[in-house]
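Trainee:
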Amino acid sequence: MYTTIPQALASAVRRDPTTPLLTWYDDATGDRTELSGATLDNWVAKTANLLIDGLGLTGGEAVAVLLPPHWQAAAIVLGVSSAGLAVALPGRPQPVDALFTTPERAAEAAAWAAVDRYATGLLPLAMPLREVPPGFVDYVTDVRNYGDHFGGAPVAPDTRALAAPVELSHLAVLRTATERAAELGITTGDRVLIDTRAYPDPADWLFAPLAVGASVVLCANLHPAKLEARTTAEKVTVVLTA
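In structure tokens, the structure reads:
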């Protein structure tokens with residue numbers, strides 16, 4: 097078992113940097129985005145560099161990620177983890193050092209005290225926002241200014257990985273994720289199709305597959321009529337739907 101989230105990601109990338117690690121579908125918009133291990137790792141590194149070099153955050157600080165399941169949410173959560181910072185997931189508002197959300201959740205985000213605020217539209221092709229909410233910076237525009245490789249210090253197993261809704265270390269997150277993967281029937285090498293409506297918790301759609309070395313086909317607004325063809329096209333071995 098891996099002892100830190102960056103360690104689990106690095107192992108997934110090393111296995112084959114060119115094969116899909118996370119594939120995103122939104123049947124409401126027709127969006128499909130496929131990220132190889134190398135591509136996801138680049139987004140993670142850029143996010144970590146934004147947090148450390150851009151915002152000047154240091155180990156142990158908290159970053160709120162108020163986003164629905166999405167490939168950008170994965171990149172941000174993993175970037176926060178790689179930077180040695182703690183992810184605060186939606187729940188009871190608390191003071192944080194930075195915050196990521198969507199324009200639609202800006203009112204919810206207002207209850208969180210944060211120094212730096214980023215918004216993303218979660219748009220196809222990682223398009224920038226046409227209109228950025230007041231007090232926010234466009235994540236996909238700003239993050240592109242940072243390097244594709246993160247050279248920060250390694251994260252320790254006992255470093256805080258989650259700040260909310262409960263505090264957990266990296267080791268605790270991965271232990272829980274490994275147990276959850278077993279409950280869901282996810283094993284090493286699986287390609288897992290996940291319906292975001294049924295499994296909105298990152299513990300299920302992100303950490304559990306990552307902890308055991310599986311890849312993900314993440315589906316929002318999943319249309320039942322498309323399930324069989326998608327399962328075949330994506331070579332899915334485990335299906336998690338409502």
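One point on numbering: in our numbering, the residue at position 118 of the sequence shown is 214, and numbering is uninterrupted.
Ideal Cβ positions, reconstructed from N, Cα and C, are used throughout, including at glycine.
Between the Cα of GLY231 and those of PRO199, VAL239, ALA108 and TYR242, spot the shortest distance and give me the residue it belongs to.
Mentor: The residue with the shortest Cα to Cα distance from GLY231 is PRO199.
Trainee: Quick check: the Cα distance between PHE246 and TRP139, rounded to an integer number of angstroms?
Mentor: Going by the C-alpha atoms only, they are around 10 Å apart.
Trainee: Quick check on the burial criterion: 16 or more other C-beta atoms within 10 angstroms. Buried or exposed for THR114?
Mentor: By the neighbour-count rule (16 or more Cβ atoms within 10 Å), THR114 is not buried but exposed.
Trainee: Can you list, in chain order, the stretches of the alpha helix (DSSP H) that have 4 or more residues and sit fully within the stretch 195-252?
Mentor: Segments of the alpha helix (DSSP H) lying fully in the stretch 195-252: 202-205 and 235-238.
Trainee: From the DSSP output, read off the bridge partner residues of SER132.
Mentor: BP columns for SER132 point to PRO116.
Trainee: Quick check on ALA257: does DSSP put it in helix, strand or coil?
Mentor: The answer is strand: DSSP assigns ALA257 an E or B state.
Trainee: Round the Cβ separation of THR255 and SER265 to the nearest angstrom and send it over; I've been treating them as touching at under 8 Å.
Mentor: Indeed they touch by this definition, with Cβ atoms about 6 Å apart.
Trainee: Using a Cβ-Cβ cut-off of 8 Å (strictly less than) and excluding sequence neighbours within five positions of VAL109, which residues of its own chain qualify?
Mentor: Excluding residues within five positions, the ones whose Cβ falls inside 8 Å are LEU117, GLY133, ALA134, LEU136 and ASP137.
Trainee: Can you name the start and end residues of the beta strand (DSSP E) that ILE290 belongs to?
Mentor: Start and end: 287-291.
Trainee: Using only CA atoms, which one of THR292, THR274 and PRO296 lies nearest to ARG124?
Mentor: As written in the sequence, residue 124 is Ala, which differs from the Arg given in the question. ALA124 has its Cα closest to that of THR292, out of THR292, THR274 and PRO296.
Trainee: According to the Cβ coordinates, are VAL239 and ARG287 closer than 7 Å?
Mentor: No; because the gap between Cβ atoms is not below 7 Å, this pair is not in contact.
Trainee: Spatial neighbours of GLU274 within its chain, please: CB distance less than 6 Å, with the 5 preceding and 5 following residues excluded, ordered by chain position.
Mentor: Rather than Glu, the amino acid found at residue 274 in this sequence is Thr. Closer than 6 Å at Cβ, skipping near neighbours: MET97 and ALA307.
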